[in-house]
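What follows is a single structure, written as structure tokens, with notes after it.
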Amino acid sequence: MTDLTKLTLASALDGMKAREFSSMELTDAHIGACEAASGLNAFITPTFDLARDQAKASDERRVSGTIGKLEGAPLGMKDLFCTEGVRTTAASKILGDFTPPYESTVSANMKADGMVMLGKLNLDQFAMGSANETSCFGPVINPWRNGEDLVPGGSSGGSAAAVAADLCLGATATDTGGSIRQPAGFTGTVGIKPTYGRCSRYGIVAFASSLDQAGPIAKTVEDAAILLESMAGYDPKDSTSINEPVPDWRGAVGQSVKGLRVGVPREYTMDGIPKEIDAVWAEGVEWMREAGAEIVDVSLPHTKYALPVYYVVAPAEASSNLARYDGMRYGLRVEGENLADTYERTRTEGFGDEVRRRVMIGTYVLSAGYYDAYYLRAQKVRTKIADDFRQAWESCDVLLTPTAPSAAFPVGRKINDPIQMYLNDVFTVTANLAGLPGISVPAALDGNGLPLGLQIIGRALDESTVFKAAGALEKAAGFDAKPDKWWS
Amino acid sequence: MAEPKNGVSADDVRKIARLSRLHVEDEQCGSIAEDLNGILAWIEQLDEVDCEDVVPMTSAVAMDAPMRQDTVTSGNIRDRILANAPKTEDGFFVVPRSVE
Amino acid sequence: MTFIAPRVADEKDWLQGETGPWELIIGLEVHAQVASIAKLFSGAPTAFGAEPNTQVALVDAGLPGMLPVVNKYCVEQAVRTGLGLNAQINKFSRFDRKNYFYVDLPQGYQISQFEHPVVGEGEIEIVPEGGEPVTVGIERLHLEQDAGKSIHDLSPDETYVDLNRSGVALMEIVSKPDMRSAAEASAYVDALRQIVRALGTCDGDMEKGNLRADVNVSVRKPGGELGTRCEIKNVNSLRFIRQAIGYEARRHIEILEAGGEIDQETRLYDTVKGETRTMRSKEDAHDYRYFPDPDLLPLELSDDFIDRIKADLPELPAARKARFVEQFRLPDYDAGVLTSDKATGDYFEIVAQKRDPKSASNWMMGELFGRLNADEIGIEDSPVSADALGGLIDRIADKTISGKIAKDVFSKMFEGEGTADEIIERDGLKQVTDMGAIEAMVDEVIAANRDQAEKAKDNPKLVGFFVGQVMKKSQGKANPQAVNELLRSKLGL
Ligand SMILES: [Mg+2]
Ligand SMILES: [Zn+2]
């Protein structure tokens, strides 16, 4: 039998449908791969026993004829999604052994569609980071190497690494400033952040509520569409959930882009960015033109302010969202001399450096006397960034940009320079601020043999066009490189 | 590195840490202040943007709040509420004494 | 917020200090629990007195990833209350987070409304006991969630936390600093209580804490510059409000007259000691870092939404009082008492139907309230229904019994012995209206008191003595008017 872990999600679903192999066989193959890949540190909590139970149940369901969209597919779950009865840590010490007595809506949707969950994937602590180095369970190692250990990007580094290393057929992820797309770019995988409000945030440990959005990391654009169709949908339990039906996104992949107006934002050319990235971007533009798209020069004048806006808004919301981790009702409690001391010890020991740093920035920008100067101003500039996009949509249907300003970098390289680290999200964060869908598609390998991604950003709720354009890009790029399996 | 207009002092760090319920050692305050000042100075690029008459954006979705009906759909799940608590007694959460 | 307080208190309300008179400036923040079945942002029940932590949804415990969804009914009740306070309804409002740490605040923030409350400025008229009507401005009304409850007496070194109240909907009604005496403050809270009860938006039960007041008190030289204020938190009875204000005002005056300064602070009223004391240490200075809650979208209320609530608004105590004066020709005082709560007004309207309103009022304010108060029974649970009391008044009106006998009958009715008619019949209390029988008794009494009869010619007041004698003879059943008339003619008056 062929190596089942090399399959795409789409072909694996087809194979099970054709009874070429069972979910149990597929799951066992992936568990084997996971066990061999502990060196990547992609999982925080493997759930292999649960996976086998789910695979068995799936195979039984198939016999009885009820099959869901993800029936029997072994997948990974970012450890930011609360999973009933399975420890959920957000890669933090402060959640300790927190075991949710409830299920996030996204994971519940996937369960209902027949998912097999292989385990909870590593991430940056509370999704704060762009290299997966802030996890209290240690960094995730990128399957792609360049003579030394590289980061997989973050915060969904475990998800990206697991998919790139064929440990699972796809994985959930979340994206607050680029946390799906940047790691997808760093690992040669596909990652989409849908429109804000497409996926319910119910049961996802919150980082920055007005920016957080779930989405998949997958091997192909089609796989990403299949996964997102399962994850997305209106949820009355989330006040910011959009009450719109989920379209046939899988069907959009492969449609012609003839006549599609592809915008190329001139502000995404930045100083200090490797020439190779601009070259891949230019190539991408050419591919789209050859596929029949019309290329349009557009301007998003406030692009350079997106990151500073983000680093006000996200920490502000986070400082409040993380106030609940106080050692009183769940998670870590470090007993102190009195209540105040217990609060401080618990939170100081329970949060890592980057989390504490962001909590303090957030507290500061919201505090009396600074609110207007920082927080309110950031929200106003956010309006201008969203307006830039509104303007752009008058002349184009999607935007094509690089995903990240670099390829994967060595572990430890940027961790001590917060602003250098923050710059990773320079091309992705705009879509979060404006609430727009964005996808990263692997486009080429750089001179060091590391993957580079290109990003398509679309109109709100227009994931269909995003998938169509991404499909065309994927086809033209013909990216089929895989990392050597050095870890097993 | 540029200094932010409202430079954070070591005292400010103590105040912010206190509000955040985080402990900082006295000798850390200076370096944390430096760290925060670096980030704040970078954030202050935003002062270049003309924000006159701009409505602040508080959400990425342009709709009104959806509303729930006034019906009981939860409750009576004490075991689940208390399941992860560091300490409980007789159905209560037990926490360090909050009054002297 | 800068306050202005143009009105100067009546001289009678000035407080005398060593250095001369002082004037009290009072503003109140009243927290009224919305009478909803479920909480403001969760589907957990709100009923009082449940076992600890049994009325808690996942979101009320601040569990990771749990999200709030606003209860429409609570928004409607806030609007309804706003309309009852003659206030501006804000079509755009928003929820903000108020950030602070406390063991009974599971999320680490309270969801409230800061910059854009659902209700803006309004005003109500109050009548302080023994004073003239005063208009009190309403600054705003906003929706917010309640916190849980900390219990400190179950363990010597720990606190027990019950989250049943966590997330219960509150309306915070903020007044302008328009009150100038403890009596005015207490009348204001009472008026608010009547309004929310009439509207049905809050049950107004102060004992259960469903309506409680934060009292802001400062003093100034009459008409002078505003002093520093202190906030006395969570006072939960009208009496305690008056006592706390009295204590606090004295405390301020003493400090100021000794050359001291008032610290702006939050205080608690100790009901046992009758004192206020400081609640928080200064090192715990608060900075609530309010910002719009990103988990919730703005409330945008349509005209239709507001109009539907408006159309459904009941008559409010002030309007009802005016109508009682107008329609029933009641004195202002009677109308005020009878409209002080909805059930009393409803009771009165039944009794007064097709009867003399003044006697209905007298009977209610006299006998009925006397008995109800003595037995600590609410009018809703009165053993004598409005129809039954009406039946009794009818028997007086048609002269079946006298007013005096009627009081005995009422008492028996209150004891559950039956209707007025049943008791009158059973006890043979029917008034004697047979003129022959009355004349015979009158003659007998005159014959037995010859001397007095003579004197009566010069001293007509003596007729009262004769009436008394005849009534006694008839065991109170003779029609007093007939007796009076007959006596006057027989005595030649
Ligand atoms: Mg208050
Ligand atoms: Zn309040």
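Chains as they are written, first to last, in my numbering: chain A, 264 to 751; chain B, 54 to 153; chain C, 204 to 696.
Ideal Cβ positions, reconstructed from N, Cα and C, are used throughout, including at glycine.
These numbers were taken from a predicted model, which means no experiment stands behind them.
Looking at the backbone, the Cα of V635 (chain C) and that of N682 (chain C) are separated by about 6 Å. Cβ contact annotation for Q258 (chain C) (same chain, cutoff 6 Å, sequence separation greater than five): A247, P248, N367, in chain order.
The alpha-carbon of G599 (chain A) is positioned some 8 Å away from that of T609 (chain A). In the pairwise beta carbon analysis, the region 604-620 of chain A is classified as not touching the region 642-658 of chain A: fewer than three pairs are separated by under 8 Å. Cβ proximity to chain A below 7 Å picks out R133, A136, N137, A138, P139, F146 from the region 124-147 of chain B.
Nothing from the region 446-470 of chain C brings a Cβ to less than 8 Å from some Cβ of chain A.
For P57 (chain B), none of the residues of chain C pass the 7 Å Cβ criterion, the least Cβ distance being about 19 Å.
Distances from the CA of P209 (chain C) to each of C:G340, C:E464, C:Q291, C:P271 were compared; the closest alpha carbon is that of C:G340.
Contact between A740 (chain A) and A706 (chain A) is confirmed by a C-beta separation of about 5 Å, below the 8 Å threshold.
When C-alpha distances from Q236 (chain C) are compared across C:E347, C:D213, C:G581, the shortest belongs to C:E347.
Contact check between the region 452-462 of chain A and the region 401-411 of chain A: fewer than three CB pairs, one atom from each, fall below 8 Å, which does not count as touching. Contacts with chain C at 8 Å (Cβ-Cβ) do not include A63 (chain B). Taken in chain order, the complete beta strand (DSSP E) segments of 3 or more residues contained in the region 497-521 of chain A number zero; there are none. Excluding sequence positions up to five before and after I330 (chain A), its CB lies less than 6 Å from no other CB in the same chain. DSSP lists C:V322 as the bridge partner or partners of I292 (chain C).
Less than 8 Å divides the Cβ of V561 (chain A) from the Cβ of G526 (chain A).
In the DSSP assignment, N565 (chain C) falls outside any beta strand (DSSP E) and within the unbroken alpha helix (DSSP H) covering 560-566. Ranked by Cα distance from S463 (chain A), the options A:K341, A:D534, A:G496 are led by A:G496. For S245 (chain C), at least one C-beta of chain B is nearer than 8 Å to its own C-beta. Within the model, the alpha-carbon separation for D316 (chain A) versus D291 (chain A) is close to 11 Å. Flagged as an interface residue toward chain B: I240 (chain C), by a C-beta distance shorter than 8 Å.
Near ligand 2, meaning a beta-carbon closer than 7 Å to one of its heavy atoms, we find C:E232, C:H234, C:S315, C:E347, C:L373, C:E375. The region 326-402 of chain A is shown to contain whole beta strand (DSSP E) runs of 3 or more residues at 337-341, 379-384, in chain order. The DSSP-derived three-state label of M482 (chain C) is coil. Under the DSSP definition of a beta bridge, A681 (chain C) partners with C:V635. In the DSSP assignment, N419 (chain C) forms a beta bridge with C:G230, C:E434. In the three-state reduction of the DSSP assignment, V392 (chain C) falls in the helix class, which pools H, G and I. Remark: C-beta atoms of G615 (chain A) and Q445 (chain A) do not approach each other more closely than 8 Å. In terms of beta-carbon proximity, A591 (chain C) stays away from the interface with chain A, with every pair separated by 8 Å or more. Membership of G667 (chain C) in the alpha helix (DSSP H) is indicated by the continuous run 666-676.
In the DSSP assignment, Y459 (chain A) falls outside any beta strand (DSSP E) and carries neither an H nor an E. Listed in chain order, the positions of the region 296-321 of chain C with a beta carbon within less than 7 Å of a beta carbon of chain A are R300, N302, F304, V306, P309, Q310, G311, Y312. In the structure shown, P705 (chain A) adopts extended strand secondary structure according to DSSP, grouped into three states. Within the same chain, T566, T664, P665, F690 come within 7 Å of Y531 (chain A) by CB-CB distance, once the 5 residues on both sides are set aside. In this structure, DSSP gives I465 (chain C) a state outside helix and strand, which the three-state scheme calls coil. By the criterion of at least three beta-carbon pairs nearer than 8 Å, the region 566-576 of chain A is not in contact with the region 724-740 of chain A.
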